[in-house]
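Worksheet for the structure shown next.
In the numbering used here, the protein residues as written are 29 to 642.
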């Protein structure tokens, strides 16, 4: 990038850097937009699981100022997504459906998208657009931070890695809180760094506002209370030679206190309008319906009911309810699948394994290289380098420690808040390479960036299903499922396959946020418990694998009988398509490894033999 060399004026370097930032983020926007919307006959993403709850929730916050739906997530990201829908009078709302009074976020989503007379493609388009802009905003912050720390050149390289990071593109297009969480983490650490380094009130106010925004984007920002406290301790230790540790700690802990206080005030203020029209009786039901009714939550429920009768206090109470719900959800766990192992709680090695197969090889190599470079440069002997490394390593380590301890192993997207800090640590390593003037190092880094770009483009438009080159594309469903591969995004692509192959009848067991019969009239709803069958069969990878857990527990058939057959197609990697003939079942008679006590409909080998005249 010679256009940034010292022979060019400062203003020209700024101009060129701004141009390339626009170019990189513009290309990222196009990748995200068209992979979501579709282009040139290539279908985009259908509705995904969490969008069915998040879209009607965000719409209702903006349109009705009522927070009865989806209290387990804070409002800001969903409200951003819901705003373009709320200002359109042409969108049919959800108040007329039973799901509104019934406080059912999922049924409200099905109604809004598929039953109220709205165009689902139009709803998804307008709801997803603000999320894409939020993803672009995160890219700008990452570039700004890297450029300030090192140079515009390093900032652009880090931005390139961000713009072609498949999981960022995958989840940055969706109405979810994962990219929003990453945005919150970055702005919180960025502005808290400024607050600790500078000695002015304005920096602390900015840090408090940023931290408040982070908590309004996702409750995982609660971990930042610990992260920021660790940074206070580290900063105080680093400055102990300039004054006593106690003196430095007292100065910094006051900044921490005011940052946290301001953040909570921001959270409370923003919550107030979103709960303003929530009836006290509905708030009471929300508390009772979301917190389990066991004696352990009795005091929590009694405490939260104290806030429900006034719209001012209700905002604070609703925030506290959300915090309690997220901790309960993390502790509770979900059905988890990884590399052939199925668990109804958690798999201890899930996230390290998921990171190794879902993270681009270029990122893995550059990250490990940067960690080695970090220690080779003896950063611990240089105060400024140690502080810079601490800004990135602290949130990364704290978040990983909490994630490994938790039981919510349903997708690598939950590691999204750590991605910006991985990229910024890579920026540290890239800066060391450029300062050393090593041509081999520069060519190697450049080659890895180019490899990332090619690899990412090869996956268009199926970015949720991205796995790195260590995993064969036709075997992805044997490595991970759920939001790491299969979140319902490929239903429109299944429709195209059905149309292209003139399939007149297909059984579908679909995991996602769309309705198969809405798009594919030829489809019939299917379930693993119905037992073996013949004909065309399309199964979401998540149900394919999770059926092996629940089938055995419930004494029903699973999809294990299909393991001897190869799918005739894998739609986006997430939907497995089979075409089973009676002869196939005669040659490979299905046998369950456990007793089947519940069969509906009844399947028998004799029935298949009769179909072929045997």
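Cβ atoms here follow ideal geometry from the backbone N, Cα and C, with glycine treated the same way.
Kindly list the residues whose CB is nearer than 7 Å to the CB of residue i, restricted to its own chain and excluding five residues on each side of it in sequence; keep chain order.
i, result
"residue 531", "550 and 564"
"residue 337", "308"
"residue 283", "223, 224 and 232"
"residue 332", "315, 345, 348 and 349"
"residue 194", "388, 484, 487, 491 and 494"
"residue 70", "489"
List the residues that DSSP assigns as beta-bridge partners of residue i.
i, result
"residue 598", "604"
"residue 564", "534 and 607"
"residue 67", "70"
"residue 508", "366"
"residue 553", "536"
"residue 584", "626"
Once DSSP output is grouped into helix, strand and coil, what is the label at residue i?
i, result
"residue 548", "coil"
"residue 370", "strand"
"residue 320", "coil"
"residue 226", "coil"
"residue 492", "coil"
"residue 246", "coil"
"residue 269", "coil"
"residue 172", "helix"
"residue 626", "strand"
"residue 41", "helix"
"residue 334", "coil"
"residue 470", "helix"
"residue 150", "helix"
"residue 529", "coil"
"residue 205", "coil"
"residue 103", "coil"
"residue 282", "helix"
"residue 48", "helix"
"residue 120", "coil"
"residue 465", "coil"
"residue 513", "coil"
"residue 179", "coil"
"residue 195", "helix"
"residue 54", "helix"
"residue 459", "helix"
"residue 287", "helix"
"residue 134", "helix"
"residue 112", "helix"
Which residue's Cα is closest to the Cα of residue i: the options?
i, options, result
"residue 252", "427, 73, 389 and 72", "427"
"residue 87", "136, 477, 352 and 258", "136"
"residue 547", "522, 528, 535 and 556", "522"
"residue 508", "590, 378 and 347", "378"
"residue 217", "159, 260 and 396", "260"
"residue 230", "609, 329 and 287", "287"
"residue 728", "79, 126, 133 and 590", "Given a span of 29 to 642 for the chain in the structure shown, any question on residue 728 remains unanswerable."
"residue 55", "112, 391 and 189", "189"
"residue 158", "185, 381 and 204", "204"
"residue 393", "458, 364 and 446", "458"
"residue 492", "574, 573, 514 and 480", "514"
"residue 94", "311, 126 and 115", "311"
"residue 624", "585, 483, 144 and 553", "585"
"residue 176", "164, 192 and 221", "221"
"residue 247", "227, 144, 99 and 271", "99"
"residue 367", "500, 127, 273 and 120", "500"
My understanding is that residue i touches residue j, with C-beta atoms under 8 Å, so please give their C-beta distance in whole angstroms.
i, j, result
"residue 385", "residue 498", "6 Å"
"residue 170", "residue 451", "6 Å"
"residue 243", "residue 235", "That pair is no contact at about 13 Å."
"residue 568", "residue 538", "5 Å"
"residue 140", "residue 151", "7 Å"
"residue 178", "residue 469", "Going by Cβ atoms, the distance from residue 178 to residue 469 rounds to 15 Å, so no, they are not a contact pair."
Considering only residues of the same chain and omitting the five flanking positions on each side of residue i, which have a CB-CB separation below 6 Å?
i, result
"residue 545", "551"
"residue 343", "296, 299, 300 and 303"
"residue 138", "none"
"residue 541", "75, 76, 77, 79, 80 and 516"
"residue 431", "379"
"residue 504", "495, 513 and 601"
"residue 535", "552, 554 and 565"
Sorted by chain position, which residues of the same chain lie with C-beta nearer than 8 Å to residue i's C-beta, five sequence neighbours on each side aside?
i, result
"residue 369", "375"
"residue 123", "92"
"residue 405", "413 and 460"
"residue 72", "62, 63, 64, 65, 66, 489 and 520"
"residue 104", "208, 241, 244, 245 and 298"
"residue 642", "Confidence is the limiting factor: at residue 642 the pLDDT is only 48, short of 50, which leaves the residue's position unreliable and the question unanswerable from this model."
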